[in-house]
Structures are given as C-alpha cells and as structure tokens.
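Single-structure report; data block below.
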Amino acid sequence: MFVEKGLMILINYATGCIFEYDSGHPLGSGSSDSGRGSPYFIGSFYSKTKAMVEELLKNYDNVCTLRVRMPISADLTNPRNFITKITRYESWKNFTLEEQSKVIIAPRSNNELDASKLSKEFPEMKSIKESLIENVFKPNREDILA
C-alpha cells in the first residue's frame, strides 16, 4: 500500500489467468484481457478463486491491479521462472489446444494481457524484448563470462 494525496492505494499483484481467447477476444486480436469487465475464465480452481477476489475488489476505488501472466526473473535457476520452464521442455514444439488438453489436468487460460493503460502512464516502459535483454540475458551472460 502507499498513500497518494491522502488516499491510501492498495496494489493487488494478480494473475492474468482469469481471461482467455474467445469469440469476443480472438487469438491475434491483440488482447484477451478486457480490463473493463469481469473475469470470464474459471476453468480451474486456481482461476476460479482468483476471479472471486477480482469481483470483491471491484467495489473499491483505491485498488490498482497489476497482472502477470508468465513470471520472468533474472534468476534462471528458479523453477517458477517461465524462461526456466520452457528451457527444460524436451523439445521446442508448438501444439494445438486440443493436444494440450490431453496432457494437462485443468484447462489453461491462454491469453494476451493488454498493457496499453500501463504504457500510457509510463511511456518510458520498455518492450518485453528490450526488458529481457537488459534485465535477464545481459546480467546472466556477464555472470557466465566472469
């Protein structure tokens, strides 16, 4: 929490796994996170509980929700780091949603989060590619070469 102009602001660091591509937000449209409506993916227990919190927080004007879809950090040994996960796959292979559903227990939220509000507030924010190079790959390369 922080206070701005006498108003206490609560930062809700949340998940993007409450949205998915659908007819209103098709793959390739640029966003499946409406940012304006209610969560519409509750295909797993995880997503369902996160959607409940979202619905409760909508009643408060002093909540700023920041969403993460795939956590990335410079610690490439962390098993929860998305980069670490994908480098451990047997092979880099694309598969269909139907193929995916045969190997996972609960449905997955496949989506793209809209960062336009954040970009408007922070125009100096770097792209994901620039951020990864500067904050993950360069520091790790320097550690390897040291």
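When we follow the working numbering, the leftmost residue of the sequence shown carries the number 84, and every step to the right adds one. Heads up, the beta-carbon is just placed ideally off N, CA and C, and yes, glycines get one too. These numbers come from a predicted model, not from an experiment.
Legend entry - Strand pairing of L93, partner residues [DSSP]: V146
Legend entry - Among F165, N142, E207 and E181, the one whose alpha carbon lies nearest that of L93: N142
Legend entry - Inter-residue Cα distance where the pair is L139 and D158: 34 Å
Legend entry - Start and end residues, alpha helix (DSSP H) containing P190: Unbroken run through P190: none, as it is neither H nor E.
Inset, instruction - Use the C-beta contact count for I187: other C-beta atoms within 10 angstroms, 16 or more gives buried, fewer gives exposed. - result: exposed
Inset, instruction - Have a look at M208, R224, E217 and L90 and flag the residue whose alpha-carbon is nearest the alpha-carbon of C147. - result: L90
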